[in-house]
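Input: a single structure, listed below in structure tokens.
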Amino acid sequence: MNTAFKSQVRAMAASMGFPEAVYVTRPNLPPLDDVMNTLKPAWDRRWITNDGELHIRLETELAKRLGVPYLNLFCNGTVALLTALKVLNLEEGAVITTPFTFPATVSVLYWCGLRPVYCDIQPDGYNLDPAGIEALIGPDTKAILPVHVYGIPCDVAAIKDIADRHGLPVIYDAAHAFGVRLRGESVLVHGDLSMLSFHATKVFTTAEGGALATGNPELHQRARVLKNFGITGEESVVAPGLNGKMNEMQAALGLAQLDGLDANTEKRRRLDGIYRRLLQHEPGLALLDMPRDVDPNYAYFPVRVQEALFGLNRDTLYETLKAFNIQCRKYFYPLCSSHPWCSAKTGTLPRAEAAADEVLCLPMYGQLPEAWAEKIGTIIKSLGSLARI
Ligand SMILES: *Cc1c(COP(=O)(O)O)cnc(C)c1O
Numbered sequence: 188m189n190t191a192f193k194s195q196v197r198a199m200a201a202s203m204g205f206p207e208a209v210y211v212t213r214p215n216l217p218p219l220d221d222v223m224n225t226l227k228p229a230w231d232r233r234w235i236t237n238d239g240e241l242h243i244r245l246e247t248e249l250a251k252r253l254g255v256p257y258l259n260l261f262c263n264g265t266v267a268l269l270t271a272l273k274v275l276n277l278e279e280g281a282v283i284t285t286p287f288t289f290p291a292t293v294s295v296l297y298w299c300g301l302r303p304v305y306c307d308i309q310p311d312g313y314n315l316d317p318a319g320i321e322a323l324i325g326p327d328t329k330a331i332l333p334v335h336v337y338g339i340p341c342d343v344a345a346i347k348d349i350a351d352r353h354g355l356p357v358i359y360d361a362a363h364a365f366g367v368r369l370r371g372e373s374v375l376v377h378g379d380l381s382m383l384s385f386h387a388t389k390v391f392t393t394a395e396g397g398a399l400a401t402g403n404p405e406l407h408q409r410a411r412v413l414k415n416f417g418i419t420g421e422e423s424v425v426a427p428g429l430n431g432k433m434n435e436m437q438a439a440l441g442l443a444q445l446d447g448l449d450a451n452t453e454k455r456r457r458l459d460g461i462y463r464r465l466l467q468h469e470p471g472l473a474l475l476d477m478p479r480d481v482d483p484n485y486a487y488f489p490v491r492v493q494e495a496l497f498g499l500n501r502d503t504l505y506e507t508l509k510a511f512n513i514q515c516r517k518y519f520y521p522l523c524s525s526h527p528w529c530s531a532k533t534g535t536l537p538r539a540e541a542a543a544d545e546v547l548c549l550p551m552y553g554q555l556p557e558a559w560a561e562k563i564g565t566i567i568k569s570l571g572s573l574a575r576i
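Right, dumping it as structure tokens:
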């Protein structure tokens, strides 16, 4: 950027910059007293993990709320996903997945002796493109692992069709998709298993935490055994399991948050509306399309920055916003296919590469004041205008 632009940014930041850091997200925390009151019975019983009362209650409440037949809570989403691969006995071979995701989606494959085969993303979205899957299926393909990126559902019907024809299981990384509904039904009913993450950066959080949802009682039962060391009785260990259990402190935080969840989604919906109003006609900025048949959770606000029209590229916008104390995130850059440890044989992934170079996620969380979202949108517009002079 030229020096005139830089000095104008400095002047603008001096008057419009935030006095404190505005993060891309903040955890949705209930009042601490609510957490303590919820936790107290477990504390008094001195039963703080291993299928405690709070754990059982949270599992039941979440299965009901999310509209899934079976749900297993986990210590985090990554271990839940790892367990899902083991539940399906996936060992050795290839799994078709997307490069446009968080590293955990792919790293668990390596932990199971599997390897990723990357499929490019949709021409008009950020999810794995079903049209690219079939050409990648080979004799050692074991499963398909798509991600509902930003909580927007994948083309679940097309993926099911391909998976059924080839006899492949489907595991969805639904880390972003808590509460999302597709045609009035939970997005989690699709695939053999779906993983949720309750990490502090997600819309529902237990600090660390996660879940596996399934409609299949046998897979559910196997996940339950595997997340508890493979133990089925005091003297019987039927499989080499691991410790994936959620504890009572985590469950208390989750339970205390349930009442406020709808209000929190409503706040994010309003923030989403503010950003859209300000940015949707801005040249060179493309916003995320919300499909008509989806009830979204407004977990993220990704903006696609096209330098030729906007005047700045994504990286310059990202850096410039830091001068205003606005901390955006490049979800997902770098692509999983370009991590040095992720040496999969990969054809070209032009759409994923373009997305990774152009997407910026703006601050989005329930407690973000609406006035701040207005200001962030206004600053981004002003920077575009300034750069295009
Ligand atoms: C957060 C996230 C994970 C990991 O979940 P944890 O609960 O942090 O282990 C996996 N995949 C995606 C797409 C995520 O965003």
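Position one of the sequence shown corresponds to residue 188 (my numbering), numbered consecutively onward. C-beta: ideal position from N, C-alpha, C; glycine also.
Notebook entry, point to check: If you compare alpha carbons, which of K432, F416 and A542 is closest to V425?
Noted result: F416
Note to self: Below 8 Å, how does it come out for the segment 217–236 and the segment 457–468: are there three or more Cβ pairs, yes or no?
What the structure shows: no
Notebook entry, point to check: Cα-Cα, which of F365, Y257, L369 and L375 is closest to V357?
Noted result: L375
Notebook entry, point to check: For P489, which beta-bridge partners are listed by DSSP?
Noted result: C548
Next item on the list: Return the chain-ordered list of same chain residues with a C-beta closer than 6 Å to the C-beta of R370, the five sequence neighbours on each side being excluded.
Entry: D480
Margin query: Could you tell me the alpha carbon to alpha carbon distance between A560 and L508, rounded to whole angstroms?
Written below: 13 Å
Check: Hey, F261 and G534: beta-carbon distance below 8 Å or not?
Finding: no
Notebook entry, point to check: Which full runs of the beta strand (DSSP E) of 3+ residues lie inside the segment 381–430, going along the chain?
Noted result: 397–401 and 418–420
Next item on the list: Check each candidate in A539, G239, M382 and C523 and name the one with the smallest Cα separation from V266.
Entry: M382
Margin query: Using a Cβ-Cβ cutoff of less than 8 Å, which residues in the same chain neighbour E248 once the five nearest sequence positions on both sides are dropped?
Written below: L442 and L445
Note to self: Our contact map puts R466 next to V490 with C-beta atoms below 8 Å; I'd like the distance itself, whole angstroms only.
What the structure shows: The sequence shown places Leu at residue 466, rather than the Arg named in the question. Right, their Cβ atoms sit about 7 Å apart.
Next item on the list: Please go through the same chain and pick out, in chain order, the residues whose beta-carbon is closer than 6 Å to the beta-carbon of Y485, but skip the five residues on each side of it.
Entry: R455, R456 and D459
Next item on the list: Could you give the DSSP three-state label for Y257: helix, strand or coil?
Entry: strand
Notebook entry, point to check: Quick one: any contact between the segment 272–283 and the segment 320–334, if contact means 3 or more CB pairs under 8 Å?
Noted result: yes
Notebook entry, point to check: With DSSP run on the structure shown, which of helix, strand or coil describes R368?
Noted result: strand
Item checked: Among D311, G420 and L258, the one whose alpha carbon lies nearest that of D379 -> L258
Checklist line | Between the CA atoms of E405 and Y305 - distance to the nearest angstrom | finding: 29 Å
Next item on the list: Name the residue from T328, Q554, P326 and M203 whose alpha carbon lies nearest to the alpha carbon of L448.
Entry: Q554
Next item on the list: Quick one: using the 10 Å Cβ neighbour count with 16 as the cut-off for buried, is I566 buried or exposed?
Entry: buried
Margin query: According to DSSP, simplified to helix, strand and coil, what is D482?
Written below: strand
Item checked: Inter-residue spacing [alpha-carbon to alpha-carbon] between Y210 and G325 -> 43 Å
Next item on the list: Take the Cβ of P286 as the centre, count every other Cβ of all protein chains shown within 10 Å, and call the residue buried at 16 or more, exposed below.
Entry: buried
Next item on the list: Check whether the segment 293–300 touches the segment 334–353, taking contact to mean three or more Cβ pairs, one atom from each stretch, closer than 8 Å.
Entry: no
Notebook entry, point to check: Residue ranges of each alpha helix (DSSP H) run of no fewer than 4 residues wholly in the segment 278–361, ordered along the chain?
Noted result: 290–298, 317–320 and 343–353
Next item on the list: Note down the Cα distance separating Y520 from P470, rounded to an integer number of angstroms.
Entry: 23 Å
Next item on the list: Assign I320 to one of two classes, buried (16 or more other C-beta atoms within 10 Å of its C-beta) or exposed (fewer than that).
Entry: buried
Next item on the list: Note down, in chain order, each residue of its chain lying with its Cβ closer than 8 Å to the Cβ of V295, except the 5 sequence neighbours on either side.
Entry: T265, L268, L269 and L272
Check: DSSP three-state call for V211: helix, strand or coil?
Finding: coil
Margin query: I'd like to know whether the C-beta atoms of L496 and A574 end up nearer to each other than 8 Å.
Written below: no
Margin query: Assuming contact is defined by CB atoms lying nearer than 8 Å, are K562 and M223 in contact in what I supplied?
Written below: no
Check: Around the Cβ of H353, are there at least 16 other Cβ atoms within 10 angstroms (buried) or fewer (exposed)?
Finding: exposed
Notebook entry, point to check: Which one of G420, T190 and I513 has the shortest CA to CA distance from A208?
Noted result: I513
Next item on the list: Name the two residues that bound the continuous beta strand (DSSP E) containing L555.
Entry: Careful: L555 lies outside any beta strand (DSSP E) and carries neither H nor E.
Next item on the list: Would you kindly work out how many angstroms separate the C-alpha atoms of P550 and C515, rounded to a whole number?
Entry: 6 Å
Note to self: Going by DSSP, what residue range makes up the alpha helix (DSSP H) through A510?
What the structure shows: No alpha helix (DSSP H) contains A510, which DSSP labels as neither H nor E.
Next item on the list: Use the C-beta contact count for T190: other C-beta atoms within 10 angstroms, 16 or more gives buried, fewer gives exposed.
Entry: exposed
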